[in-house]
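Working notes for the structure below.
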(Lines of atoms letter the chains of each structure in order from A; the text may use other names.)
(Lines give C-alpha, C1' and ligand atoms only; values in the text may rest on other atoms or scores of the structure.)
Protein backbone atom coordinates (compact mmCIF):
# COMPACT_ATOMS: atom_id res chain seq x y z
CA UNK A 19 0.00 0.00 0.00
CA UNK A 20 2.88 2.36 0.74
CA UNK A 21 4.77 1.78 -2.50
CA UNK A 22 1.97 2.77 -4.93
CA UNK A 23 1.25 5.93 -2.92
CA UNK A 24 4.94 6.79 -2.82
CA UNK A 25 5.28 6.15 -6.57
CA UNK A 26 2.22 8.26 -7.37
CA UNK A 27 3.46 11.11 -5.17
CA UNK A 28 6.92 10.98 -6.79
CA UNK A 29 5.42 11.15 -10.28
CA UNK A 30 3.25 14.10 -9.27
CA UNK A 31 6.22 16.01 -7.87
CA UNK A 32 8.22 15.28 -11.03
CA UNK A 33 5.40 16.55 -13.27
CA UNK A 34 5.05 19.75 -11.25
CA UNK A 35 8.80 20.34 -11.52
CA UNK A 36 8.77 19.83 -15.30
CA UNK A 37 5.77 22.14 -15.72
CA UNK A 38 7.50 24.82 -13.64
CA UNK A 39 10.72 24.71 -15.68
CA UNK A 40 8.89 24.87 -19.04
CA UNK A 41 6.76 27.81 -17.94
CA UNK A 42 9.87 29.68 -16.75
CA UNK A 43 11.15 29.75 -20.34
CA UNK A 44 8.03 31.55 -21.57
CA UNK A 45 8.19 35.34 -21.32
CA UNK A 46 5.54 36.91 -19.13
CA UNK A 47 2.89 39.18 -20.62
CA UNK A 48 3.24 42.75 -19.38
CA UNK A 49 0.53 45.42 -19.34
CA UNK A 50 1.92 48.79 -20.38
CA UNK A 51 0.56 52.22 -21.23
CA UNK A 52 2.03 54.42 -23.95
CA UNK A 53 1.76 57.81 -25.61
CA UNK A 54 3.00 58.09 -29.18
CA UNK A 55 5.85 60.62 -29.00
CA UNK A 56 6.63 61.20 -32.69
CA UNK A 57 4.75 61.04 -35.96
CA UNK A 58 5.06 57.37 -36.94
CA UNK A 59 6.84 56.99 -40.28
CA UNK A 60 7.06 53.22 -40.04
CA UNK A 61 3.99 51.62 -38.43
CA UNK A 62 6.01 48.54 -37.43
CA UNK A 63 8.35 50.58 -35.16
CA UNK A 64 6.56 53.47 -33.46
CA UNK A 65 8.44 55.72 -30.96
CA UNK A 66 6.55 56.27 -27.71
CA UNK A 67 6.79 57.08 -24.02
CA UNK A 68 5.95 53.79 -22.30
CA UNK A 69 4.97 53.28 -18.66
CA UNK A 70 5.76 49.84 -17.23
CA UNK A 71 5.60 49.08 -13.51
CA UNK A 72 5.80 52.71 -12.40
CA UNK A 73 8.62 53.92 -14.65
CA UNK A 74 8.45 55.80 -17.96
CA UNK A 75 10.96 55.18 -20.75
CA UNK A 76 11.33 56.03 -24.41
CA UNK A 77 10.80 52.84 -26.39
CA UNK A 78 9.90 51.59 -29.83
CA UNK A 79 6.55 49.84 -30.08
CA UNK A 80 7.10 46.77 -32.26
CA UNK A 81 3.98 45.71 -34.15
CA UNK A 82 3.41 42.35 -35.81
CA UNK A 83 1.19 41.75 -38.86
CA UNK A 84 -1.68 40.96 -36.48
CA UNK A 85 -1.35 44.39 -34.83
CA UNK A 86 -0.88 46.22 -38.15
CA UNK A 87 -4.38 45.14 -39.16
CA UNK A 88 -5.88 46.56 -35.93
CA UNK A 89 -8.04 49.66 -36.59
CA UNK A 90 -6.56 51.54 -33.62
CA UNK A 91 -3.08 50.94 -35.04
CA UNK A 92 -4.05 51.97 -38.59
CA UNK A 93 -5.23 55.39 -37.36
CA UNK A 94 -2.25 55.94 -35.04
CA UNK A 95 -1.00 59.54 -34.70
CA UNK A 96 1.23 61.53 -32.41
CA UNK A 97 -0.15 61.95 -28.84
CA UNK A 98 -2.46 58.93 -29.05
CA UNK A 99 -2.82 57.06 -25.75
CA UNK A 100 -2.61 53.26 -25.80
CA UNK A 101 -3.00 50.32 -23.47
CA UNK A 102 -0.70 47.49 -24.52
CA UNK A 103 -0.07 43.88 -23.66
CA UNK A 104 3.13 42.20 -24.73
CA UNK A 105 6.77 41.58 -23.87
CA UNK A 106 9.62 43.98 -23.25
CA UNK A 107 12.70 43.17 -25.34
CA UNK A 108 16.06 44.76 -26.08
CA UNK A 109 14.64 46.24 -29.32
CA UNK A 110 11.54 47.73 -27.71
CA UNK A 111 8.09 46.55 -26.64
CA UNK A 112 6.64 43.65 -28.67
CA UNK A 113 2.88 44.16 -28.78
CA UNK A 114 0.47 41.25 -28.49
CA UNK A 115 -2.67 43.39 -28.13
CA UNK A 116 -3.39 47.11 -28.35
CA UNK A 117 -6.31 49.29 -27.36
CA UNK A 118 -6.69 53.06 -27.89
CA UNK A 119 -7.76 54.76 -24.67
CA UNK A 120 -8.65 58.24 -23.45
CA UNK A 121 -5.72 60.21 -21.99
CA UNK A 122 -7.52 60.35 -18.62
CA UNK A 123 -7.17 56.56 -18.37
CA UNK A 124 -3.36 56.78 -18.51
CA UNK A 125 -1.32 56.40 -15.33
CA UNK A 126 -0.54 59.74 -13.65
CA UNK A 127 3.10 59.54 -14.70
CA UNK A 128 2.06 59.73 -18.40
CA UNK A 129 -0.87 62.16 -18.14
CA UNK A 130 1.37 65.22 -17.96
CA UNK A 131 3.29 64.17 -21.04
CA UNK A 132 0.06 63.41 -22.93
CA UNK A 133 -1.40 66.82 -22.00
CA UNK A 134 1.75 68.68 -23.08
CA UNK A 135 1.80 66.70 -26.32
CA UNK A 136 -1.82 67.60 -27.11
CA UNK A 137 -1.21 71.31 -26.35
CA UNK A 138 1.85 71.34 -28.62
CA UNK A 139 -0.12 69.57 -31.35
CA UNK A 140 -2.99 72.06 -31.03
CA UNK A 141 -0.63 75.06 -31.26
CA UNK A 142 1.01 73.65 -34.37
CA UNK A 143 -2.36 73.03 -36.07
CA UNK A 144 -4.11 76.24 -34.88
CA UNK A 145 -2.37 78.63 -37.33
CA UNK A 146 -3.70 76.57 -40.26
CA UNK A 147 -7.35 76.81 -39.15
CA UNK A 148 -9.15 79.85 -40.41
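Numbering (the numbering used here), first residue to last: 19 to 148.
Think of the CB as a built atom: it goes at the ideal place given N, C-alpha and C, for glycine as much as any other residue.
Contact annotation: residue 132 and residue 53 have beta-carbon atoms nearer than 8 Å. The beta-bridge partner set that DSSP reports for residue 76 consists of 67.
Residue state for residue 85 is assigned as helix, using DSSP reduced to three classes. Boundaries for residue 57: no alpha helix (DSSP H) harbours it, and the DSSP string shows neither H nor E there. Boundaries of the alpha helix (DSSP H) harbouring residue 128: 126–143, taken from the DSSP string. In this structure, the beta-carbon distance from residue 107 to residue 76 does not fall below 8 Å. Within its own chain, the residues whose Cβ lies closer than 7 Å to the Cβ of residue 128, once the five positions on either side in sequence are excluded, are 51, 53, 67, 69 and 74, listed in chain order. Within the same chain, 61, 62 and 92 come within 8 Å of residue 86 by CB-CB distance, once the 5 residues on both sides are set aside. Beta-bridge annotation (DSSP): residue 103 is paired with 49 and 115.
Residue 111 holds the alpha-carbon nearest to the alpha-carbon of residue 49 among 65, 111 and 81. Beyond the five residues adjoining it in sequence on each side, residue 78 comes within less than 8 Å, by CB distance, of 63, 64, 65, 66, 109, 110 and 111 in the same chain, given in chain order.
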